[in-house]
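Novice:
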Amino acid sequence: MTLMKSLLGAAATLALTAGLVAAEPAIIFDLGGKFDKSFNEAAFNGAEKWAKETGGTYKELEMQSEAQREQALRSLAEAGANPIIMTGFAFGDVLNTVSQEFPDTKFGIIDMVVDQPNVKSVVFNEHEGSYLVGMMAALASKTNTVGFIGGMDIPLIRKFGCGYAQGVKAVNPDATVVLNMTGTTPAAWNDPVKGAELAKAQKSQGADVIYAAAGGTGVGVLQTAADEGVLSIGVDSNQNYLHPGKVLTSMMKRVDNAVYEAFKEAENLTPGINVMGLANDGVGYAMDEHNAALVTPDMQAKVDEAAAKIKSGEIVVHDYMSDNTCPAATF
Amino acid sequence: MDYDTLMQILGSTIRLGTPLLLACLAGLFSERSGIFDIGLEGKMLAAAMAAGAVAALSGSAWVGLAAGIGASLIFAALHGVASITFRGNQLISGVALNFLASGITVLIAQALFGQGGRTPPLVGSARFHPIELPFVEALKDVPLIGPLYSEVISGHSILVYAAMACVPLSWWVLYRTRFGLRLRAVGENPAAVDTAGVSVVSLRFAAVAITGVLCGLAGAYMATALQAGFGREMTAGRGYIALAALIFAKWRPWQALGATMLFGFFQALALRPDVVEGVVGMKVPVSMLDALPYILTVLVLAGFVGKAIPPRAGGEPYVKER
């Protein structure tokens, strides 16, 4: 009996202390996987940065299939995680339903707008960052032909391609931009073999700088570009180190900052739409020791000038997703 | 479309068609012996991971190739034990092995290298590099033949030529040797083979082992020749397209070459929507080209283009006595 009593007592104490500790934040990675060297990995880095600084712990979950989304989200919310951050546009519909069922839990979604009182939507001006790397591509190209390889054919990826094409045309109106998408299913994010063939096909069409916005497929594009002796441009994370001296630059999308900020705000996550653009360092291009030899000071000066003009509003880069058209390219 | 573009597309066709060809021949041996194998995809994936990992560790593409074949053989042996020895359902065993491969490859690669289920990029002799056939320079300026030789025929990795050599070899083994005759017979009427005093079980295991070796070649080709390392789910459904090609080829080796190269050609065309638009005169959705292999296979199965008759004893475990 005494044993029973002390056990119960211990359980009660545990329950009480658990209640006092703040709820753990959680992050859900989309289908590309946590270590895609790109989008999801940036999110992971942000979460790790938060964990290191605060000493806190967080829950994480990696999507394995489309069918898991709703269940994964609901089970994390039921487990008391707060806030729950998810990466990827594909969570939009699911989050719209689930967020209404858990009004006391805060949610954050990256790359999509969900209009609910407890949801923070973080979107990036990828077209601005892509515009800058497009300028760089046009400045570095000797053939006046540059390439773009997207992952799955969705408006978001077209937004990348459209911004890129505008940047290219801004430097050289006569330049040709070869646009390709890897596929129309989520498998397109993870097919490096097809990415490699696309890079070869673009090279045969004269492209000598290729921008890959394709998750895991992009690894194959960068590899083949390095093998074939043409330049490539990475995306989302800084991918310059993958092939030093052969990656011109990377379009940085600071998903890490977005996740870090959201975790820091914890339960006080501010709902609403948060646009991360050039002006608040949400996007940009990567410079480090691996690409220093490829980017001349002249190139950098021109790109920085354009960046300043975009910030001040002097140059407006058209956003494909605003009206599903692109002035500089046809998809 | 000019001649050079055509040559580029044909070169791409061969690179994309080779994994399909190897997997298709692999399925051919297995199914001809009466063992359906839906697990081609899983075997290729396991081989790709093993080849990428071992090549990275040893620095030799050949050691990687051996490891890839080894990994694929282990999966083939599992399939054999489940479906031949224990007479389990062959489809279920194959599907289970696909799932196993999908998970375990990432797990092992992550445990070994900690790079998120990838193997490190391969450099130098850890990769199979394209080889230049003799006389490329001499023939380069010959019209028509020159570009054909240098773009399409030369400049592939040794595994491509090995895959091409497998086609006549498979034909010869299946149709001109005693082993091949028995193998085909065991897929049609195992009881007759058994009555003749030949072991059905060992014949079927031999066929499944050949499947393992060929899938190993396919996986290693993707991880160490086409790409420089293994990535999660990098086979991207090619095992299933190979199965479709097998039906399209009606379980025959030369036709398998034709079917896989045709499917490879569709995939290569899908990479050049501009060319397709130029030839057809209208915009063709890329997904339409991607779906063509499946559409053709359905047409064949429905009996519009000849008749596809699978090996009669396919899918049924052989029971000697009841």
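Protein chains in written order, with our numbering: chain A, 1 to 331; chain B, 1001 to 1322. Glycine residues also receive a C-beta, built at the ideal position from the N, C-alpha and C atoms.
Go ahead and label B:Trp1251 buried or exposed: buried means 16 or more other beta carbons lie within 10 angstroms of its beta carbon, across all protein chains shown.
Specialist: Buried: at least 16 other Cβ atoms inside 10 Å.
Novice: Anyone know if the C-beta pair for A:Ser38 and A:Ser237 falls short of 7 Å?
Specialist: Yes; because the gap between Cβ atoms is below 7 Å, this pair is in contact.
Novice: Mind checking which residues open and close the alpha helix (DSSP H) that includes B:Ala1077?
Specialist: Taken as a continuous stretch (DSSP letters only), the alpha helix (DSSP H) holding B:Ala1077 covers 1061-1080.
Novice: In the DSSP assignment, find the unbroken alpha helix (DSSP H) run with A:Thr87 in it and report its ends.
Specialist: First-last for A:Thr87: 84-87, but that is the beta strand (DSSP E), not the alpha helix (DSSP H).
Novice: Determine whether the Cβ of A:Phe35 lies closer than 7 Å to any Cβ atom of chain B.
Specialist: For A:Phe35, the answer is yes, since a Cβ of chain B falls inside 7 Å of its Cβ.
Novice: Which residues of the region 1080-1091 of chain B have a Cβ closer than 9 Å to any Cβ of chain A? Give them in chain order.
Specialist: Listed in sequence order: no entries.
Novice: Check B:Val1208 in the structure and name its three-state DSSP category.
Specialist: Residue state, collapsed to three classes: helix.
Novice: If you count every other CB in all the chains shown that lies within 10 Å of the CB of A:Thr13, and 16 or more means buried, which is it?
Specialist: Bear in mind that the predicted position of A:Thr13 carries a pLDDT of just 48, short of 50, making it too unreliable to give a figure here.
Novice: For A:Lys159, is the classification buried or exposed, using 16 other Cβ atoms within 10 angstroms of its Cβ as the cut-off for buried?
Specialist: Label assigned to A:Lys159: buried.
Novice: Give the DSSP-derived three-state secondary structure of A:Val235 in the structure shown.
Specialist: Of the three classes helix, strand and coil, the one that applies to A:Val235 here is strand, per DSSP.
Novice: With a threshold of 6 Å on Cβ separation, who are the neighbours of B:Gly1064 within its own chain once the five nearest residues in sequence on each side are excluded?
Specialist: Hits under 6 Å: Ala1051, Val1054, Ala1055, Thr1224.
Novice: Taking the runs of the alpha helix (DSSP H) that are 4 residues or longer, which of them lie wholly in the region 1182-1257 of chain B?
Specialist: The region 1182-1257 of chain B contains these whole alpha helix (DSSP H) runs: 1190-1195, 1200-1221, 1238-1248.
Novice: By the criterion of Cβ-Cβ separation under 7 Å, what are the contact partners of B:Ala1228 in chain E?
Specialist: Note that chain E does not occur in the displayed structure, where the protein chains are A and B.
Novice: Can you grab the Cα-Cα spacing for the pair B:Ala1082 / B:Leu1301, in whole Å?
Specialist: Looking at the two C-alpha atoms, the distance is approximately 28 Å.
Novice: Closest by CA to A:Thr217, which one among A:Ile28, A:Gly32, A:Ala23, A:Glu24?
Specialist: Of the listed residues, the one whose Cα sits closest to A:Thr217 is A:Gly32.
Novice: Use the C-beta contact count for B:Arg1312: other C-beta atoms within 10 angstroms, 16 or more gives buried, fewer gives exposed.
Specialist: Per the 10 Å Cβ criterion, exposed.
Novice: Using a beta-carbon distance below 7 Å, is A:Gly220 in contact with chain B?
Specialist: Interface residue, yes.
Novice: Does B:Glu1321 pass the burial test, meaning 16 or more other C-beta atoms within 10 Å, or should it be called exposed?
Specialist: B:Glu1321 is exposed by the Cβ-count criterion.
Novice: Three-state secondary structure (DSSP) at B:Tyr1175?
Specialist: Three-state DSSP puts B:Tyr1175 in a helix.
Novice: With 16 as the cutoff for other CB atoms within 10 Å, does B:Arg1032 come out buried or exposed?
Specialist: Buried, because 16 or more other Cβ atoms sit within 10 Å of the Cβ of B:Arg1032.
Novice: Since B:Gly1034 and B:Glu1316 are thought to touch, with beta carbons under 8 Å apart, how far apart are those beta carbons, to the nearest angstrom?
Specialist: Confirmed, about 7 Å.
Novice: Would you kindly work out how many angstroms separate the C-alpha atoms of B:Ala1026 and A:Gln223, rounded to a whole number?
Specialist: The straight-line gap from Cα to Cα measures roughly 29 Å.
Novice: What three-state label does DSSP hand A:Tyr285 in the structure shown?
Specialist: Of the three classes helix, strand and coil, the one that applies to A:Tyr285 here is strand, per DSSP.
Novice: Give the list of continuous alpha helix (DSSP H) stretches no shorter than 4 residues that lie fully inside the region 150-201 of chain A.
Specialist: Fully enclosed alpha helix (DSSP H) runs of 4 or longer: 155-171.
Novice: Suppose you measure from the CA of A:Ala18 to the CA of A:Glu24; what does that come to, to the nearest Å?
Specialist: With a pLDDT of only 44 at A:Ala18, under 50, the local geometry of the prediction cannot be trusted, and the value read off the model is given with reservation. When rounded, the distance between both Cα atoms is 11 Å.
Novice: To the nearest angstrom, how far is the alpha carbon of B:Gln1008 from that of B:Tyr1149?
Specialist: Approximately 11 Å, taken between the alpha carbons.
Novice: When DSSP labels each residue in this structure, what does A:His127 get in the three-state scheme?
Specialist: Correct three-state label for A:His127: helix.
Novice: In whole angstroms, give me the CA-to-CA distance for B:Tyr1161 and B:Leu1243.
Specialist: Computed Cα separation, rounded: 22 Å.
Novice: Would you list, in sequence order, the uninterrupted beta strand (DSSP E) runs of no fewer than 3 residues that lie entirely inside the region 54-83 of chain A?
Specialist: Within the region 54-83 of chain A, the complete beta strand (DSSP E) runs of at least 3 residues are 59-62.
Novice: Using a Cβ-Cβ cutoff of 7 Å, what residues of the region 1197-1223 of chain B are near chain A? List them in chain order.
Specialist: For the region 1197-1223 of chain B, which is checked against every Cβ of chain A, the residues closer than 7 Å are Met1222.
Novice: Hey, out of A:Lys49, A:Val247, A:Met112, A:Glu305, whose CA is closest to A:Val171's CA?
Specialist: Answer by Cα proximity: A:Glu305.
Novice: Short of 7 Å in beta carbon distance, which residues of its chain neighbour A:Leu139, apart from the five on each side in sequence? Order them along the chain.
Specialist: Val171, Met299, Lys302.
Novice: So, is the C-beta of A:Val177 closer than 7 Å to a C-beta in chain B?
Specialist: Answer no: the Cβ-Cβ gap between A:Val177 and chain B never drops below 7 Å.
Novice: Using beta-carbon positions only, say whether B:Glu1041 and B:Thr1195 come within less than 7 Å of one another.
Specialist: The answer is no: Cβ separation not under 7 Å.
Novice: Starting from B:Asp1290, find everything on chain A with Cβ-Cβ shorter than 8 Å and list it in chain order.
Specialist: Here the neighbours are Gly183, Thr184.
Novice: Does any C-beta atom of chain B lie closer than 7 Å to the C-beta of A:Val193?
Specialist: Yes - at least one Cβ of chain B is within 7 Å of the one on A:Val193.
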